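*Asks:*
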Amino acid sequence: MKIGSELSIHLEGVIVKDLVSYPDDRGFFREIIRSTDPLFQDGSFGQWSHSRMSHNVVKAWHFHHRQTDWWYLGTGTIECVLVDNREESSTFGKKSQYLLGETSAEFPQAKQLCVRIPPGVLHGLKVLSQAADLFYVTSHSYNPDDEGRIPYDSPDVNHIFGEDVITTERDRKLFIPPFPRSPL
Numbered sequence: 074m075k076i077g078s079e080l081s082i083h084l085e086g087v088i089v090k091d092l093v094s095y096p097d098d099r100g101f102f103r104e105i106i107r108s109t110d111p112l113f114q115d116g117s118f119g120q121w122s123h124s125r126m127s128h129n130v131v132k133a134w135h136f137h138h139r140q141t142d143w144w145y146l147g148t149g150t151i152e153c154v155l156v157d158n159r160e161e162s163s164t165f166g167k168k169s170q171y172l173l174g175e176t177s178a179e180f181p182q183a184k185q186l187c188v189r190i191p192p193g194v195l196h197g198l199k200v201l202s203q204a205a206d207l208f209y210v211t212s213h214s215y216n217p218d219d220e221g222r223i224p225y226d227s228p229d230v231n232h233i234f235g236e237d238v239i240t241t242e243r244d245r246k247l248f249i250p251p252f253p254r255s256p257l
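Going by our numbering, the first residue of the sequence shown is number 74, and it counts up by one from there.
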């Protein structure tokens with residue numbers, strides 16, 4: 074069975090927080106995460122990062138054995154895809170997709186969300202807008218040995234990001250972290 078062959082609204086352990094903006098004549102204020110949010114329940118903080126990407130960039134498939142990620146898209150629009158690769162999970166093999174970003178005429182279904190991605194969940198994205206700024210918090214500082222990867226176009230993952238995508242060599246290679254994954 075290809076993983077990601079069944080679409081699921083919610084994957085076990087993935088938490089999605091709808092964000093509220095408070096606009097005024099100066100712009101807006103938007104709260105992303107509080108330490109008391111259920112979204113941040115395992116709240117260990119390791120690193121805060123910012124990734125600027127251009128149109129058609131694909132970053133996939135990444136996963137971790139120890140690290141939890143929290144994703145927030147500050148500008149632009151991306152297709153965010155999560156696939157449960159944890160055999161012991163009740164949602165193993167299922168896929169969730171989100172259109173993250175500002176609502177616009179081009180992307181009326183886009184939403185401002187913060188997404189919690191637990192260890193063992195494959196995560197990938199494709200930039201749909203001209204540019205996108207992804208801000209993400211991780212529970213641990215970057216450790217290349219915990220940055221698992223499956224090629225973005227692997228036939229083992231049931232998702233196609235399309236043609237003319239931009240990737241790096243690392244997103245075309247397989248790497249499995251050398252230590253056991255944190256349990257659910």
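Here a beta-carbon is modelled for each residue, glycine too, at the ideal position from N, C-alpha and C. Keep in mind it's a predicted model, so treat the numbers as computed, not measured.
Taking the beta strand (DSSP E) that G147 falls in, what are its first and last residues?
*Replies:* Walking along the sequence shown from the start, residue 147 turns up at place 74. Where G147 is concerned, the enclosing beta strand (DSSP E) stretches over 142-148.
*Asks:* Between which two residues does the beta strand (DSSP E) harbouring P251 extend?
*Replies:* Translated into the one-based positions of the sequence shown, residue 251 becomes position 178. Where P251 is concerned, there is no enclosing beta strand (DSSP E), given that its DSSP letter is neither H nor E.
*Asks:* Here's the rule I'm using: 16 or more other beta-carbon atoms within 10 Å means buried, otherwise exposed. How should L173 be labelled?
*Replies:* Taking the first residue of the sequence shown as position 1, residue 173 is located at position 100. Its Cβ being crowded by 16 or more others within 10 Å, L173 is buried.
*Asks:* Could you please give the first and the last residue of the uninterrupted beta strand (DSSP E) stretch that includes T109?
*Replies:* Along the sequence shown, read from residue 1 onward, the residue named residue 109 stands at position 36. That residue, T109, is in no beta strand (DSSP E); it is neither H nor E in DSSP.
*Asks:* P217 by DSSP, collapsed to three states: which one?
*Replies:* Translated into positions along the sequence shown, residue 217 becomes position 144. P217: helix per DSSP, three-state reduction.
*Asks:* Can you give the Cα-Cα distance for T234 and F101, rounded to whole angstroms?
*Replies:* Within the sequence shown, residue 234 is the residue found at index 161, counting from 1. Within the sequence shown, residue 101 is the residue found at index 28, counting from 1. First, the amino acid is wrong: residue 234 is Phe here, not Thr. Near 32 Å, if we compare the C-alpha coordinates of F101 and F234.
*Asks:* Which residues in the same chain have their Cβ closer than 6 Å to the Cβ of H128, if we skip the five residues on either side of it in sequence?
*Replies:* The sequence position of residue 128 within the sequence shown is 55, counting from 1. Closer than 6 Å at Cβ, skipping near neighbours: V200, Q203.
*Asks:* Kindly confirm or deny that the region 149-165 and the region 243-250 touch, where touching means at least three C-beta pairs closer than 8 Å.
*Replies:* Counting Cβ pairs under 8 Å, fewer than three are found: no touch.
*Asks:* Can you tell me the Cα-Cα spacing of V154 and S169, whole angstroms?
*Replies:* As a first step, residue 154 must be located in the sequence shown, where it is residue number 81. As a first step, residue 169 must be located in the sequence shown, where it is residue number 96. About 6 Å.
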